[in-house]
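Q: So that we are looking at the same thing, I have put the structure below in structure tokens.
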Amino acid sequence: MPEPQTAPRPLRVLLADDSVLLREGVRSLLEDEGVQVVAAVGDGDQLLQAVAADPPDLAIVDVRMPPTHTNEGLVAALRITREHPGVGVLMLSQYVAREYASELLGTESPGIGYLLKDRITEIDGFLAAVRRVAAGGTVIDPAVVRSLLRAPEQQRLVARLTPREVEVLEAMAEGLSNRGIGERLFISQSTVEKAITAIFDKLELTGEDGTSRRVLAVLRYLEDADGA
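The sequence shown finishes on residue 228 if you use full-length UniProt numbering, and the numbering steps up by one all the way, no holes.
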């Protein structure tokens, strides 16, 4: 007789936000989708203790938490990426904060994301981002990318991109695959691949690791805009 198949282990997530209402809302949303919420905490110290005690697959972290409500969540998240590189980190922010996104995405740790809290209400997209970051992918809120595109200073390298290449880069920032980008923009996969190659060339990103260059391409936006 064939051996019975074991059910796959559920995704394990830790929540960190000082808003009880938001924590419980996200907990309910995730658990309804079969995600195991291993802990829900309200500040950076509790977050670090919970990760150290039982590392989850993913930590969903508010940027601003007690006591000062400035960048405690970000500081804790950066420490997690250093001390627990196997734990994905998805940051949530009330507002677009390019400097926070740049600092987080500048780490070499896999599994990094930065979303505005408004995205939680876009349930399918939020859940896709949770799974993508937990699996080691990168997700950046499109509002962050759009804010950079609206900046009055046009970055020297980024300004080389065509409007179509900008659209492709924004979709890359959301973590979409080549196929997903093609479906989003109604273009063929070969057209997507040509656009990505052009983006790499125009942003002067060399190397053989396509995944790393995808992240670097988005970072180029963040770094050039912050340094302009």
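C-beta: ideal position from N, C-alpha, C; glycine also.
1) From V38 to V13, what does the alpha carbon distance come to, in whole angstroms?
2) Which runs of the beta strand (DSSP E) spanning at least 3 residues fall entirely within the UniProt domain "Response regulatory" (12-132), listed in chain order?
3) In whole angstroms, give me the CA-to-CA distance for V168 and V41.
4) Find out if the Cβ-Cβ distance for the pair G175, I199 is shorter than 9 angstroms.
5) I140 by DSSP, collapsed to three states: which one?
6) DSSP three-state call for P163: helix, strand or coil?
7) Got a sec, what are the start and stop residues for the alpha helix (DSSP H) F200 sits in?
8) Taking C-alpha atoms, which residue in F186, P85, A59, I196 lies nearest to V166?
9) Kindly indicate which residue of A159, D201, K117 has the alpha-carbon position closest to the one of R23.
10) Below 7 angstroms CB to CB, which residues in the same chain sit around residue 245 once its five sequence neighbours on both sides are set aside?
11) Just the Cα atoms here: how many angstroms apart are M65 and L78?
12) Which same chain residues, not among the five before or five after S19, have their C-beta less than 8 angstroms away from its C-beta?
13) State buried or exposed for T138, treating a residue as buried only when at least 16 other CB atoms are found within 10 Å of its CB.
14) Give the range of the alpha helix (DSSP H) segment to which G180 is assigned.
15) Expressed to the nearest angstrom, what Euclidean distance is found between the alpha-carbon atoms of R9 and V130?
16) Excluding the five sequence neighbours on either side, which residues of its own chain have a C-beta within less than 7 angstroms of the C-beta of residue 231, listed in chain order?
17) If we call anything under 9 angstroms between Cβ atoms a contact, is H90 one with I60?
18) Looking at L104 and T121, is the spacing between their C-beta atoms short of 9 angstroms?
A: So, to answer that:
1) Mapped onto the sequence shown, residue 38 falls at position 38. Mapped onto the sequence shown, residue 13 falls at position 13. One C-alpha to the other measures close to 6 angstroms.
2) 12-16, 36-41, 58-62, 88-93, 112-116
3) Looking up residue 168 in the sequence shown gives position 168. Looking up residue 41 in the sequence shown gives position 41. Taking the straight line joining both Cα atoms gives about 37 angstroms.
4) On the sequence shown, residue 175 is found 175 positions in, with the first residue counted as 1. On the sequence shown, residue 199 is found 199 positions in, with the first residue counted as 1. Against a cut-off of 9 angstroms, the Cβ pair of I199 and G175 comes out as no contact.
5) For the purposes of this step, residue 140 is taken as the residue at position 140 of the sequence shown. In this structure, I140 counts as strand in the three-state DSSP scheme.
6) Locating residue 163 in the sequence shown gives position 163, counting from the first residue. Correct three-state label for P163: helix.
7) For this step, residue 200 is matched to residue 200 along the sequence shown. Note, F200: alpha helix (DSSP H), 189-202.
8) Counting from one through the sequence shown, the residue named residue 166 turns up at place 166. Answer by Cα proximity: I196.
9) Walking along the sequence shown from the start, residue 23 turns up at place 23. Residue K117 is the option with its Cα nearest to R23.
10) Residue 245 is absent from the structure shown; the chain starts at 1 and stops at 228.
11) Stepping through the sequence shown from its first residue, residue 65 is reached at position 65. Stepping through the sequence shown from its first residue, residue 78 is reached at position 78. Rounded to the nearest angstrom, the two C-alpha atoms are 14 angstroms apart.
12) Within the sequence shown, numbered from 1, the residue matching residue 19 stands at position 19. Excluding positions up to five away in sequence, the list reads D62.
13) One-based indexing of the sequence shown puts residue 138 at position 138. So T138 ends up on the buried side.
14) Numbered from 1 along the sequence shown, position 180 holds the residue referred to as residue 180. Note, G180: alpha helix (DSSP H), 178-185.
15) Walking along the sequence shown from the start, residue 9 turns up at place 9. Walking along the sequence shown from the start, residue 130 turns up at place 130. Spanning the two alpha carbons is a distance of roughly 16 angstroms.
16) Residue coverage of the chain in this structure runs from 1 to 228, which leaves residue 231 outside it and unanswerable.
17) For the purposes of this step, residue 90 is taken as the residue at position 90 of the sequence shown. For the purposes of this step, residue 60 is taken as the residue at position 60 of the sequence shown. Here residue 90 turns out to be Leu, not His, going by the sequence shown. Yes, these two residues count as a Cβ contact at 9 angstroms.
18) Position 121 of the sequence shown, counted from the start, is the residue given in the question as residue 121. Position 104 of the sequence shown, counted from the start, is the residue given in the question as residue 104. No, the pair does not count as a contact, with Cβ atoms beyond the cut-off.
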